[in-house]
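> Here it is: the structure, laid out below.
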Amino acid sequence: MSKFIAQPTNTLHGNLKVPGDKSISHRCIMLGSLANGITEVSGFLQGEDALATLKAFQAMGVDIQREGDKVTIHGVGLHGLKKPNTALDLGNSGTSMRLMLGILAAQKFSTELKGDVSLSKRPMGRVIDPLMQMGAVIGSNQGKPPLKIKGGQSLKGIHYDLPVASAQVKSCVLLAGLYAQGETCVLEPETTRDHTERMLKGLGYPVNVVDNKMCLTGGGKLTATQFQVPSDISSAAFFMVAGCIAPQSDIVLKGVNINPTRTGVIDILKLMGANLELLNKREIGGELLADIRVQSSNLKGIQIPSELVPLAIDEFPVIFIAAACAQGETVLTDAQELRVKESDRIQVMADGLNILGIQNQVLEDGIKIQGGSFQKPTGVIQSHHDHRISMSFAMASARCQYPIEIDGVDNVATSFPNFVELTNSIGMKIVQR
Ligand code: S3P
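Per UniProt numbering, residue 1 is the first one in the sequence shown, and the count goes up by one each step.
What follows is the structure in structure tokens.
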């Protein structure tokens, strides 16, 4: 098991380009494989999660070539996938499993999906339920992986009110809807990331979106295109927080995706008083990008508005680090989803904050954090093999005056393969052992 040792730093300077967006990279492979023609992708995230999706589609007979972050997908059309020889192993990736389930539920052949220890504990009932309503036949281990999907079922469209604000569930149902008879509609209780809808439209598939309801009709086709994957705001978020909490900093994050369904972290940090500006806004391939400049900030604690929770869902671990450095209390509620991510991110973050001497109170659906100063760690922080926990505590070294040790950091490569190198390039001092 490898660990990070993060030495104290207080000056951060420079420009950074973080890797490609994970959500978009997964969808490039899935939708490019199901399209007719050759889809070319640049800026693809070379992280283990997106590569798990790529390998799974190769295993289903799709010719996909990759050179670094450039990927060429020879699409086989909606009905051209082939039965894989073995169970598809999706590693740590919940997005691969939930979205692919929607596609596989509608295939002529049966398949099995499995994952690592963390993925095997994550709830899949949320995607199995609507798919069964559509006519899919899926076996599971009490709602958890491995999943056995029976081929040869014909699906019918449904109107589904999402019980949780989840882009993965929305996307799963819409992808199954591509194969279903009639119209499939999904109504989400709060806005969630909209990459599936945007990219389907980019591949020429009509999706009707009115407020938080999105509908499509099965039986159409996807036409190959080119995708330029922008930098992932979820990876950029680590440096937004580091830039705010470091006593002396001025950093610019280049070409970050600022799709409005992903910018909750920017809104939350601004409400906390972050010295953060969006520069050079532009649109590329249907997504909004900006360079984000961050400088040292005097953060203050806030009550996080509930409607921002789904828009910042992956960024809370590092937002908690910002809250630990803010003046006053930060309160997060309505965020029970954090308990079923790669780890229970409320409890695991609370445990790590305790080691750094930050007072907090765990709530069933969130946390209260009393801002203060990091103390000499009383032990080694356990990431529970959750990439975002590891990277979040590494950022605390921009403010803490003592070395911080974080155990179980191998999974950082699932979303951010060159994390240590990039982080150190702006002045941090992280060693991986
Ligand atoms: C994702 C959606 C989010 C997010 C995950 C990626 C996606 O999950 O946490 O990392 O690509 O659709 P939920 O929509 O289930 O909250």
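The beta-carbon is built from N, C-alpha and C at its ideal position, and this holds for glycine as well.
On the DSSP bridge list, what partners appear for S231?
G20, V256, per the DSSP bridge assignment.
> Return yes when the C-beta of Y26 is under 7 angstroms from any heavy atom of ligand 1, and no when it is not.
The sequence shown places His at residue 26, not Tyr. Checking the Cβ of H26 against ligand 1 gives yes.
> Please say whether A335 and V309 have beta carbons closer to each other than 8 angstroms?
Contact: yes.
> Quick check: what's the CA-CA separation for residue 436 versus T39?
Past the boundaries of the shown model lies residue 436; the chain is included only from 1 to 433, so the question cannot be answered.
> Since R98 contacts V41 with CB under 8 angstroms, what's their CB separation in whole angstroms?
Not really, about 21 angstroms apart at Cβ, beyond 8 angstroms.
> Quick check on the DSSP output: what are the complete alpha helix (DSSP H) runs of length 4 or more inside the region 38-69, in order along the chain?
With a minimum length of 4 residues, the continuous alpha helix (DSSP H) runs that stay inside the region 38-69 are 48-59.
> Given T86, which residues of its chain have a CB within under 7 angstroms of its CB, disregarding the five upstream and five downstream residues?
So no residue of the chain qualifies.
> Between S118 and ligand 1, is there a pair consisting of the residue's CB and a ligand heavy atom that are separated by less than 7 angstroms?
Answer for S118: no, Cβ out of range of ligand 1.
> Examine ligand 1 and report whether any of its heavy atoms sits within less than 7 angstroms of the Cβ of Q168.
The answer is yes for Q168.
> Can you tell me where the beta strand (DSSP E) holding N360 begins and where it ends?
Per DSSP, N360 belongs to the beta strand (DSSP E) from 360-363.
> Which partner residues of Y160 appear in the DSSP bridge assignment?
The partner list for Y160 (beta bridge, DSSP) reads V186.
> Buried or exposed for S373, please, with buried defined as at least 16 other CB atoms from any protein chain shown within 10 angstroms of its CB.
When all chains shown are included, S373 counts as exposed.
> Considering only C-alpha positions, which residue in the set R388, L147, G135, I158 is nearest to P417?
The shortest C-alpha separation from P417 is found at R388.
> If we count Cβ pairs, one from each stretch, closer than 8 angstroms, do we get three or more for the region 275-294 versus the region 227-236?
At 8 angstroms Cβ cutoff, the stretches touch.
> Return the CA-CA distance between K221 and D161, expressed in angstroms with no decimal places.
So the two alpha carbons sit approximately 25 angstroms from each other.
> How would you call D21, buried or exposed, if buried means at least 16 neighbouring beta carbons within 10 angstroms?
By the 10 Å Cβ count, D21 comes out buried.
> Near K429, which residues of its chain fall below 6 angstroms by C-beta distance, leaving aside the five closest residues on each side in sequence?
Cβ within range, chain order: Q7, T9.
> Residues in the same chain with beta-carbon distance under 7 angstroms from G273, minus the five sequence neighbours each way, listed in chain order, please.
Closer than 7 angstroms at the Cβ level, and outside the excluded window around G273, lie S297, N298, L299, K300.
> Would you mind reading off the limits of the beta strand (DSSP E) that contains G6?
Here the sequence assigns Ala to residue 6, which means Gly is not the residue at that position. Unbroken beta strand (DSSP E) run through A6: 3-7.
> Along the chain, which unbroken stretches of the beta strand (DSSP E) at least 3 residues long are found entirely within the region 351-433?
360-363, 366-370, 404-407, 429-432, all fully within the region 351-433.
> Do you know whose CA, among T53, G80, Y179, lies nearest G37's CA?
Nearest C-alpha to G37: G80.
> Could you tell me which of R433, Q432, T423 sits nearest to G14, measuring between CA atoms?
The shortest C-alpha separation from G14 is found at T423.
> Do you know offhand how far L78's Cα is from L90's?
Straight-line Cα distance between these residues: approximately 21 angstroms.
> Using 7 angstroms as the cut-off, classify the Cβ of D314 as near or not near the heavy atoms of ligand 1, replying yes or no.
Checking the Cβ of D314 against ligand 1 gives yes.
> So which of G379, G408, K254, A246 has the shortest CA-CA distance to R399?
With distances taken between Cα atoms, R399 lies closest to A246.
> Give, in chain order, every unbroken run of the alpha helix (DSSP H) that is at least 4 residues long and sits entirely within the region 298-322.
With a minimum length of 4 residues, no continuous alpha helix (DSSP H) run stays inside the region 298-322.
> Start and end of the beta strand (DSSP E) containing P146?
Taken as a continuous stretch (DSSP letters only), the beta strand (DSSP E) holding P146 covers 144-149.
> Whole angstroms are fine: how far does the CA of R282 sit from the CA of V380?
Answer to the nearest angstrom: the Cα atoms are 42 angstroms apart.
> Going by DSSP, what residue range makes up the alpha helix (DSSP H) through M272?
Careful: M272 lies outside any alpha helix (DSSP H) and carries neither H nor E.
> Just verifying my parser: in three-state terms, what is the DSSP assignment at R293?
Residue state, collapsed to three classes: strand.
> Closest to Q327 by CA distance: which of L200, D365, Q303 is it?
Checked all of L200, D365, Q303; the closest Cα to Q327 is Q303.
> Given this structure, state the Cα-to-Cα distance separating F57 from E421, to the nearest angstrom.
Looking at the two C-alpha atoms, the distance is approximately 30 angstroms.
> May I ask you to report which of helix, strand or coil DSSP gives V210?
Three-state result, V210: strand.
> Provide the residue span of the beta strand (DSSP E) that contains T330, from first to last.
Residues 329-332.
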